[in-house]
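Line by line, the protein sequences give chains V and L. Under my numbering, think of the first position of the first sequence as 1, with each following residue one higher. Under my numbering, think of the first position of the second sequence as 113, with each following residue one higher.
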Amino acid sequence: ILNVEQSPQSLHVQEGDSTNFTCSFPSSNFYALHWYRWETAKSPEALFVMTLNGDEKKKGRISATLNTKEGYSYLYIKGSQPEDSATYLCAFKRHTGNQFYFGTGTSLTVIP
Amino acid sequence: NAGVTQTPKFQVLKTGQSMTLQCAQDMNHEYMSWYRQDPGMGLRLIHYSVGAGITDQGEVPNGYNVSRSTTEDFPLRLLSAAPSQTSVYFCASSYSLQRQNTEAFFGQGTRLTVV
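Written as structure tokens, this is what we have:
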């Protein structure tokens, strides 16, 4: 069993605040790191797929960075809006094996 | 596009009953998988398949069976339901794990309660 950790577990921010959270994973044998957005009563949807050390991805107000050498990825949300409220999951895959390992997620609540 | 279709959305079983959760995808994806989601835990892999006729165990396979007779379908069978199998189940598919940029597409989830 491989450990993927996300922090913080939950976060409450005011509308307009910027925020970020962390996904930590083993630094050896890296293959890919995914970020998913999971709204209540829906299914997870992919935000970013990251494969190279130093990758930076951006989609609107949301961006992510990747450091495979030290084993972490940051997700940033600029100017949070209530519609950003969701759980953000990361998933890690090694070169070997056929499995993604998911973190427990960061639950974000944006207060209007 | 239907994407990943998972049924049923809700199910209540009595201990000892069996049932099958259905999962179908219309994207010609090679890789399909079943996860369970429990409070305070990440998605945990039950079984997966890298193609028709090929299945393998994930992290928590006990009490579950799968088969992959076609590319499209990947049903999950609970052989004799136990209260410990009360959970939310997700089916997911990806084009191929051999492609580094492949993302997972998830079904809508099944909330299963075993009493």
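Even for Gly, the Cβ is constructed at its ideal location relative to N, Cα and C.
To which residues does DSSP link N177 (chain L) through a beta bridge?
For N177 (chain L), which the question treats as bridged, DSSP gives the partners L:R189.
Should the segment 63–83 of chain V be regarded as contacting the segment 14–32 of chain V, the criterion being three or more beta carbon pairs within less than 8 angstroms?
At 8 angstroms Cβ cutoff, the stretches touch.
For Q9 (chain V), which residues in the same chain have their Cβ closer than 6 angstroms to its Cβ, ignoring the five residues on either side in sequence?
If we look at Q9 (chain V) and ignore the five residues flanking it on each side, it has no Cβ neighbours.
Give me, in chain order, the residues of the same chain whose beta-carbon lies closer than 8 angstroms to that of Y36 (chain V); leave out the 5 immediate sequence neighbours on both sides.
Answer for Y36 (chain V): P44, E45, A46, L47, Y88, L89, C90, A91, listed in chain order.
My assumption, with CB atoms under 8 angstroms, is that Y76 (chain V) sits in contact with S63 (chain V). Please give the rounded CB distance.
Indeed, because the Cβ distance is near 5 angstroms, the residues count as touching under 8 angstroms.
Going straight from the alpha carbon of M50 (chain V) to that of F21 (chain V), what length do you get?
Between M50 (chain V) and F21 (chain V), the C-alpha separation is close to 16 angstroms.
Would you say T96 (chain V) lies against chain L (beta-carbon separation less than 8 angstroms)?
So, not an interface residue.
Per DSSP, which residues does E184 (chain L) bridge with? Please list them.
In the DSSP output, where bridge partners are listed per residue, E184 (chain L) has none listed.
Using three-state DSSP, classify D84 (chain V) as helix, strand or coil.
In the structure shown, D84 (chain V) sits in a helix (DSSP, three-state: H, G or I).
Do S206 (chain L) and Y143 (chain L) have their C-beta atoms closer together than 8 angstroms?
Their beta carbons are under 8 angstroms apart, which means S206 (chain L) touches Y143 (chain L) by this criterion.
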